[in-house]
Structures are given as C-alpha cells and as structure tokens.
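Heads up: the structure comes next, in structure tokens.
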Amino acid sequence: MEAGLRVSRQKGPAPKAGIVHLGLGAFFRTFGAVYIEEAMEKSGGDWGIIGVSLQSPTTRDLLAPQDFVYTAQELGPGGSRLHQVEILRDVLVAPESPEALLAAMADPAIRIVTLTVTEKGYCHDPASGSLNFKHPGIQHDLTSELPTTAPGYLVRALQRRKAAGLPPFTVLTCDNLPDNGRLVKGIVLELARKIDPGLADWLQAEGRFPATMVDRIVPATKPEDVEALAARTGRLDAAPVMHEPFRQWVVEDDFVPAYGKDARPDLGAVGVELVGNVTAYENMKLRMLNGTHSSLAYLGYLAGHETIAETIADPVLAGYVKRLWREEIIPSFSAPPGIDIAGYADALFDRYSNPGIQHRTWQIAMDGSQKLPQRILGTLRDNLAGDRACPGLLTAVAAWMIYVGGTDLKGEPIDVRDPLSDRLKALSDGASDAQGKVAALLGVRDIFDAALADAIQPEVTTAYERLVSGGVHRTLEALA
Ligand code: CS2
Numbered sequence: 001m002e003a004g005l006r007v008s009r010q011k012g013p014a015p016k017a018g019i020v021h022l023g024l025g026a027f028f029r030t031f032g033a034v035y036i037e038e039a040m041e042k043s044g045g046d047w048g049i050i051g052v053s054l055q056s057p058t059t060r061d062l063l064a065p066q067d068f069v070y071t072a073q074e075l076g077p078g079g080s081r082l083h084q085v086e087i088l089r090d091v092l093v094a095p096e097s098p099e100a101l102l103a104a105m106a107d108p109a110i111r112i113v114t115l116t117v118t119e120k121g122y123c124h125d126p127a128s129g130s131l132n133f134k135h136p137g138i139q140h141d142l143t144s145e146l147p148t149t150a151p152g153y154l155v156r157a158l159q160r161r162k163a164a165g166l167p168p169f170t171v172l173t174c175d176n177l178p179d180n181g182r183l184v185k186g187i188v189l190e191l192a193r194k195i196d197p198g199l200a201d202w203l204q205a206e207g208r209f210p211a212t213m214v215d216r217i218v219p220a221t222k223p224e225d226v227e228a229l230a231a232r233t234g235r236l237d238a239a240p241v242m243h244e245p246f247r248q249w250v251v252e253d254d255f256v257p258a259y260g261k262d263a264r265p266d267l268g269a270v271g272v273e274l275v276g277n278v279t280a281y282e283n284m285k286l287r288m289l290n291g292t293h294s295s296l297a298y299l300g301y302l303a304g305h306e307t308i309a310e311t312i313a314d315p316v317l318a319g320y321v322k323r324l325w326r327e328e329i330i331p332s333f334s335a336p337p338g339i340d341i342a343g344y345a346d347a348l349f350d351r352y353s354n355p356g357i358q359h360r361t362w363q364i365a366m367d368g369s370q371k372l373p374q375r376i377l378g379t380l381r382d383n384l385a386g387d388r389a390c391p392g393l394l395t396a397v398a399a400w401m402i403y404v405g406g407t408d409l410k411g412e413p414i415d416v417r418d419p420l421s422d423r424l425k426a427l428s429d430g431a432s433d434a435q436g437k438v439a440a441l442l443g444v445r446d447i448f449d450a451a452l453a454d455a456i457q458p459e460v461t462t463a464y465e466r467l468v469s470g471g472v473h474r475t476l477e478a479l480a
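Set out below in structure tokens:
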C-alpha cells in the first residue's frame, strides 16, 4: 500500500486568505488552487483560498472533516500521480449564511475573487452577453442586500468595500466564456448601475476584471474513484479530484493597482502566461477544444459512447473531429502568434484519447444552451461570413437539438441537464417533424440570433433528418 498522503494539514496553520473563490467545483480544485499553491510555495504571500459553494453544502461537508485538505490525482496514459492540496482555508455555503460570505468578500485581506460558476452562473443572455434581468435570482438581488447569485454577491460585496473606503478586489473569472473578463465586467456594471449608480462609476474607474483562458480536462469524481484511492493510500479522502496532466492558464495582467506588487500571486513563476490580451488564446481554446468537445459529446452520446475516449476511439468520430478542425474550425480564427495550430489539434486528439480520463459525454453535454454560442455558433457565423461550408458543425447543432428533445436515436429517454431544458423539450415536442423541431429550437433568441437561425435552418434540418433516419455513423461518413 502506498505511503501516500495524510489527509490532514501537514504543515502549520492554514495560510491567511487573500482569495475568495466562488463555485468550488472539481475544475478549480485541480487548476487554480494548485497553480496558486505552487506560486505561494515558490514566492510566498498570503494567498490562502476561502472556497464557496453557491448552492449545495456537499463539498463543504466532505472537506471540513479533513481540514479542507484533499488529493488531486493526475491520470495520464502511463499511470497516475497524487498531490495533496492544502491551500483551502475554509469552505462557505452561501445559502446558509449570505452575510458570512459578504463579510468574507469585504474583508480587507481579500484582494481577488475568482469564479468558476459555469456558464449559467452569470445569469446572462448567452446570445448577447448582457445580464438577464428577468432571471429570478437577479430579480431577488436587485432589491435584497443578501444576494443569491454570483453577480449579486460581487456587487453587494464591492458595495460594502466602497462604503468602507477599501479598494475593490480583482474579479478573476475562470469560466469558458467568450471575452470572459469584459463579459463579467459588463454584467457587474449593469447590476451595480441599477442598485447604486455611484458604485458603478467607482467600479468603472477602479475595478479590474482581467480576462483569462483556462484549460485542463477534469472529469467528475465517481464513488469508485474515492474507493480506489483509499485502497491505494490506506486513508479515506472523501473529496479527491481527478485531472489530466495537461494544464494551461493565460491571464491578462490587469489587477487592482491599489495593491501594487501584492495584487496577485506570482503566477508567472509557475507557468501561467501573463499577457496583455487573452482574446486570441480564448478563441483558439473555445473553438478548438470546447467546440469539438460539445460536438463529440452530442454525436458520441447519440452513437452510444459513454466517454470522450470511447468516442474518439471510434474511427468515424475520429475522422469527423479531424475534419472539423481542418476544414471548419482552424480556418475560422487567427491563432495566437507562435502557435502551431495543427500541432495543437494533434495534442487535443491525444488528450481526448487519454484512457485514464473517463470524461462522460453526458457531463459535457450539460448546459448546451449556455455553451453553444461561444463554442460552435461563433465559428458558424464566421464561416458563413467567409463563405466557408460547415456541414460538420451544423450536424453537431442538429445532434444537440435531438439531444435536448430528450429521446435518443434508439427511442430511449435522455436525462437532459440544462437551465432551459423544459422550454427546449416543450418546443421540440410541440412539433411533429424535423423541420418543425429545428425551426422551433432555432427560434430561441437566448441562443440563436435571427440572422444566424435563418442562414442555418435548411442544413440543420437536413442533418437532423439524416441523423434520425440513418444514424450517426452514416451521417458523418457522408461528410468525409
Ligand atoms: C468541457 C470543459 O464539460 C465541458 O463542457 O468541455 O469542462 C472542458 O473539459 C474544459 O474546458 C477543458 O479545459
């Protein structure tokens, strides 16, 4: 049995907190938390993290008994490596005490609030990027000083800091959204302006919302992962996280100037790329990785594949994704300087093939209404503007439409998880044929703008009909 990790803090007292993280899911625990811990080990600083769950107490309940220490397990093609992560200082559950969370975010020691609240957590309209003022949580947060949403907590905490004469904290989003820093800034300013126009003016001048590109494949932890780790180390870690070896973090170096050199951890010392503008990196990653991830998720699921590794082992799906990169995605954007984009695609193929990572197509298929715009529709729009055909991506959109209809190609029910799932299923059920279903779903303006909907309707309808009548393989083989 491997000596392994003691699941208790091995060193002295927990580092003082300089960061609050909203949305303490598996991804950040394998990614931002590890980078920041390494930066602190290398260059010091009080960058302990207070993690926050905005909904469920589960993560806190699992981590609290083990002093918020957990194992990050790297799963590579050749085996796995264990790392004990000790940077978490506390985990708060927002609904249990909104006041405690606001007090933590308004604490003078906190200089950064990081977020991984997933695309739906920003309460925005995916097609436009604006705050959705009809969102019930935003409706509540407009009038209550104790918020319920991520934008609400950001605004109310910044309001307290301004009233206390403190600088704002830097808002560092780590979610897969286009132009994510500017998107979050826009959402926060929209809400602040409604609540307290002076606060919005202050944030416009003093606030910092750097954009980032984040990349690490992190499958959900399964009960059997917990059991296998305990068997290996002889100790129970109730909340381990699994991840691939690869990681990349590109961050705009734009943090609140009032804190000077203490505005952020020494991220550059641990491989984080600090740049002036993230856009080209973001475009590349959202389209090349996330766009093919979602395409493979829907088509792989409908083809009966449980994981991305299984999907990419299917020669037809492997040929499909290589063609997608070559013919439809790479021509749609300008790669960052110095990047070998064909090599980047080859590396993605290898990452998807990693047998150690059981990344479920069902997990990636979640929240497609919030993901499609930045992962697939932006590429479609640019290809149409450039008169480039994109049958592969249009087939992926058709597969998403079948998926959200809630019944797979064998007539089996699909457990669809999406903020708009009821609405999407009702629209699909309200039509009796492919033409009607596609037209109804293309009419969802939160996702598809009218011009794009009109432009893609005929081909998406044809792809939908082909998938239903001939199945995934025959449909994709016809694209080759
Ligand atoms: C995935 C992403 O679940 C999903 O939507 O596409 O979480 C993906 O694994 C990461 O963005 C990889 O960096």
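For the sequence shown, the residue numbers in full-length UniProt numbering are 1 to 480.
We put the beta carbon where it would ideally sit given N, CA and C, even for glycine.
No experiment lies behind these values; they were computed from the predicted model shown.
Buried or exposed (CB count within 10 angstroms, at least 16 for buried), residue i
| i | result |
| --- | --- |
| Asp367 | buried |
| Met1 | Only weak support is given to the placement of Met1: the predicted model assigns it a pLDDT of 41, under 50, and the value that follows is read from those uncertain coordinates. Exposed, by the Cβ-count rule. |
| Arg156 | buried |
| Arg208 | buried |
| Asp107 | buried |
| Gly343 | exposed |
| Leu476 | buried |
| Pro337 | exposed |
| Lys134 | exposed |
| Gly276 | exposed |
| Thr307 | buried |
| Asp346 | exposed |
| Thr143 | exposed |
| Gln204 | exposed |
| Ser332 | buried |
| Arg417 | exposed |
| residue 498 | Nothing can be reported for residue 498, as the shown portion of the chain is limited to 1 through 480. |
Same chain, Cβ closer than 7 Å to residue i, neighbours up to 5 away in sequence not counted
| i | result |
| --- | --- |
| Leu131 | Cys123, His124, Ile138, Pro151, Ile187, Glu190, Leu191 |
| Asp175 | Leu115, Thr116, Val117, Thr118, Glu119 |
| Ala269 | Ala39, Lys42, Ser43 |
| Pro240 | Tyr70, Thr71, Gln73, Thr221, Asp225, Val226, Leu229 |
| Ala297 | Thr361, Ile364, Ala365 |
Own chain residues within Cβ distance below 8 Å of residue i, not counting five before or after
| i | result |
| --- | --- |
| Ala200 | Leu189, Ala192, Arg193 |
| Glu244 | Glu74, Leu75, Gly76, Arg216, Ile217, Val218, Arg351, Asn354, Gly356, Ile357 |
| Val113 | Ile19, Val20, His21, Leu22, Met105, Leu154, Ala157, Phe169, Thr170, Val171, Leu172 |
| Arg182 | Phe209, Ala211 |
| Gly4 | The predicted model places Gly4 with a pLDDT of 48, which falls under 50 and marks its position as unreliable; any figure quoted below should be read in that light. Excluding positions up to five away in sequence, the list reads Leu82, Arg232, Thr233, Gly234, Arg235. |
Cβ distance (whole Å) where residue i is taken to contact residue j below 8 Å
| i | j | result |
| --- | --- | --- |
| Thr59 | Val85 | At roughly 13 Å, the Cβ-Cβ gap does not stay under 8 Å, so Thr59 and Val85 are not in contact. |
| Phe255 | Thr170 | 4 Å |
| Ala103 | Val52 | Actually they do not touch by this definition, with Cβ atoms about 12 Å apart. |
| Val278 | Leu267 | 13 Å between Cβ atoms; not a contact. |
| Thr221 | Met242 | 6 Å |
| Val468 | Leu409 | 7 Å |
| Ile364 | His293 | 5 Å |
| Ala17 | Ile49 | 6 Å |
| Arg388 | Leu286 | Arg388 to Leu286, Cβ: 18 Å. No contact. |
| Ile339 | Met288 | Actually they do not touch by this definition, with Cβ atoms about 10 Å apart. |
| Ala455 | Leu384 | 5 Å |
| Leu420 | Asp382 | Going by Cβ atoms, the distance from Leu420 to Asp382 rounds to 25 Å, so no, they are not a contact pair. |
| Glu99 | Pro57 | The Cβ separation is near 17 Å, so there is no contact. |
Chain-order list of residues whose beta-carbon lies under 6 Å from that of residue i (same chain, five-residue window excluded)
| i | result |
| --- | --- |
| Val460 | Leu394, Val397, Ala398, Val438 |
| Trp202 | Lys162 |
| Ser295 | Ala396 |
| Asp253 | Leu274 |
| Ala238 | Leu62 |
Chain D within 8 Å of residue i, Cβ atoms only
| i | result |
| --- | --- |
| Trp47 | Given the protein chain composition of this structure (a single chain), no chain D is represented. |
Is the number of C-beta pairs between the segment 125-140 and the segment 366-377 that are closer than 8 Å three or more? Verdict: yes, contact present.
Inspect the CB distances between the segment 222-240 and the segment 257-266 and report whether three or more fall short of 8 Å. no
Report yes or no: do the segment 217-225 and the segment 355-364 share at least 3 C-beta pairs separated by less than 8 Å? yes
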